[in-house]
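**Q** Under numbering that gives the first Met the number 0, the letters of the sequence shown match residues 0 to 258, in that order.
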Amino acid sequence: MNLIKLTQEGHIGTISLENPQKHNALSHQLVAEVMDAFRQLEAEKARVVILRAHKDCKVWSAGHDIGELPVDGRDPLGWSDPLRELVRTIETFRAPVIAMIDGGVWGGAVEVVLACDIIMATPNSSFAVTPAKLGVPYNVSGMMTFMSAASLRIVKELAFTASPISAARAEHVGMINHVVEATEIEAFTLEMASTIAANAPLSISVMKEQLRVLAGAKPLTPRGFEKVQGLRRVVYDSQDYHEGIKAFKEKRKPKFNGT
Ligand code: YXS
Numbered sequence: 000m001n002l003i004k005l006t007q008e009g010h011i012g013t014i015s016l017e018n019p020q021k022h023n024a025l026s027h028q029l030v031a032e033v034m035d036a037f038r039q040l041e042a043e044k045a046r047v048v049i050l051r052a053h054k055d056c057k058v059w060s061a062g063h064d065i066g067e068l069p070v071d072g073r074d075p076l077g078w079s080d081p082l083r084e085l086v087r088t089i090e091t092f093r094a095p096v097i098a099m100i101d102g103g104v105w106g107g108a109v110e111v112v113l114a115c116d117i118i119m120a121t122p123n124s125s126f127a128v129t130p131a132k133l134g135v136p137y138n139v140s141g142m143m144t145f146m147s148a149a150s151l152r153i154v155k156e157l158a159f160t161a162s163p164i165s166a167a168r169a170e171h172v173g174m175i176n177h178v179v180e181a182t183e184i185e186a187f188t189l190e191m192a193s194t195i196a197a198n199a200p201l202s203i204s205v206m207k208e209q210l211r212v213l214a215g216a217k218p219l220t221p222r223g224f225e226k227v228q229g230l231r232r233v234v235y236d237s238q239d240y241h242e243g244i245k246a247f248k249e250k251r252k253p254k255f256n257g258t
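#1: Using the rule of at least 16 other Cβ atoms within 10 Å of the residue's Cβ for burial, across every protein chain shown, is residue 206 buried or exposed?
#2: Apart from the five residues just before and just after residue 84, which ones in its own chain have a Cβ nearer than 8 Å to its Cβ?
#3: Grab the span of the alpha helix (DSSP H) containing residue 148 for me, first residue to last.
#4: Quick one, which of 92, 117, 255 has its alpha-carbon nearest residue 44's?
#5: Would a check of beta-carbon distances place residue 106 closer than 9 Å to chain B?
#6: Going by DSSP, which residues form a beta bridge with residue 7?
#7: Thinking C-alpha only, which one of 243, 21, 32 is nearest residue 61?
#8: From 215, 182, 252, pick the residue whose C-alpha is nearest to that of residue 55; which is it?
#9: Does at least one heavy atom of the ligand YXS sit under 8 Å from the Cβ of residue 77?
#10: Closest by CA to residue 79, which one among 27, 11, 180?
#11: Taking 8 Å as the cut-off, is the C-beta of residue 246 nearer than that to any heavy atom in the ligand YXS?
#12: Is it right to say residue 37 is buried, meaning 16 or more other beta carbons lie within 10 angstroms of its own, or is it exposed?
#13: Thinking just about the alpha-carbon of each residue, which of 139, 135, 201, 110 is nearest to the one in residue 126?
#14: Of all the beta strand (DSSP E) runs that stay within the bounds of the segment 91-127, which reach a length of 3 or more residues?
#15: Among 237, 103, 149, which has the Cα closest to the Cα of residue 71?
#16: Closer than 8 Å is the cut-off here; do at least three beta carbon pairs connect the segment 220-233 with the segment 151-161?
#17: Pick helix, strand or coil for residue 79, following the three-state DSSP scheme.
#18: Count the other C-beta atoms from every protein chain shown that fall within 10 angstroms of the C-beta of residue 32, then say buried if there are 16 or more, exposed otherwise.
#19: Quick one: Cα of residue 229 to Cα of residue 74, how far?
#20: In terms of DSSP beta bridges, what is residue 263 paired with?
#21: Please confirm whether residue 123 and residue 192 have their CB atoms less than 9 Å apart.
#22: Tell me whether the beta-carbon of residue 23 lies closer than 9 Å to the beta-carbon of residue 59.
#23: Can you tell which of 241, 7, 150 has its C-alpha closest to the C-alpha of residue 48?
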């Protein structure tokens with residue numbers, strides 16, 4: 000493991016993203032290491048996991064590794080995409096996962112954070128949902144993660160503007176649990192993790208799974224799902240999708256023309 004750090008103290012595991020050169024972009028390799036860390040913590044029967052980044056990072060995670068987004072007509076967020084696998088790993092991990100945020104969270108990394116059970120952030124943290132900035136057609140279960148974390152109006156503002164919102168605004172709208180000063184957030188998070196770890200793990204585990212099943216119980220007909228998938232294909236086959244990725248790589252503003 001060289002893109003993350005895994006530590007465990009008693010029943011509390013900590014996974015830290017440690018790839019500042021790429022702003023902890025959720026590459027196949029980084030995600031594989033995080034998922035391996037969760038498997039190790041599962042085996043060690045960890046009762047809480049803290050998911051964080053290295054100290055004093057300006058960017059907690061820059062989201063999906065744009066260099067790995069397919070441009071050959073494949074769905075960029077299909078079932079086996081690393082971002083999708085990481086979100087499912089967090090959601091189905093049998094113990095609570097606490098996201099401890101300091102810095103900017105971008106794109107799919109916002110969904111990863113929202114998939115966590117409890118979220119703490121420092122005042123200078125921010126959250127930017129960026130599909131519209133890149134021309135990416137976000138996927139159905141991903142949109143459900145957002146809908147479970149904030150009101151539809153807030154989700155629309157985040158998704159349509161692709162603009163970062165502050166930790167204070169995220170807390171105000173109930174998207175995150177606590178805003179804590181950078182000097183105190185580690186102790187604050189550890190104290191909550193210790194409280195949870197001292198409670199009954201089986202009871203907590205079943206409540207986490209119950210809430211996941213209930214939150215995901217949405218009426219979506221096969222015809223409705225196929226319609227959405229067809230609409231998404233139009234987007235990832237579009238010139239705009241290719242332009243969004245090309246513009247990022249060329250470090251310039253994209254010019255979207257709706258085709
Ligand atoms: O030029 P070098 O080689 O040094 O690389 C630069 C960036 O290209 C690279 N980098 C990334 N590489 C792959 N995927 C990324 N997401 C990514 N973000 C950054 O890291 C090196 C340093 O970046 P630089 O020079 O831009 O740093 P900065 O401090 O000026 O700006 C930091 C950011 C985070 C504001 C900036 O890097 C940025 O805007 N990154 C992209 C954030 C974003 O749009 N992420 C969404 C990724 S796509 C995704 O998550 C989903 C598919 S979706 O879009 O649907 O939500």
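Glycine included, each C-beta is placed from N, C-alpha and C at the ideal position.
Since the structure is predicted, the reported quantities are computational estimates derived from the model, not experimental observations.
**A** Taking the definition as stated:
#1: exposed
#2: Hits under 8 Å: 30, 34.
#3: 139-148
#4: 92
#5: Among the chains in the structure shown there is no chain B, since it carries only a single protein chain.
#6: 12
#7: 21
#8: 182
#9: no
#10: Checked all of 27, 11, 180; the closest Cα to residue 79 is 27.
#11: no
#12: Buried, because 16 or more other Cβ atoms sit within 10 Å of the Cβ of residue 37.
#13: With distances taken between CA atoms, residue 126 lies nearest to 110 out of 139, 135, 201, 110.
#14: Within the segment 91-127, the runs of beta strand (DSSP E) that reach at least 3 residues and sit entirely inside it are, in chain order, 96-100, 103-105, 117-120, 125-127.
#15: 237
#16: no
#17: coil
#18: buried
#19: 11 Å
#20: Missing from the structure shown is residue 263; the chain here goes from 0 to 258 and no further.
#21: no
#22: yes
#23: 7
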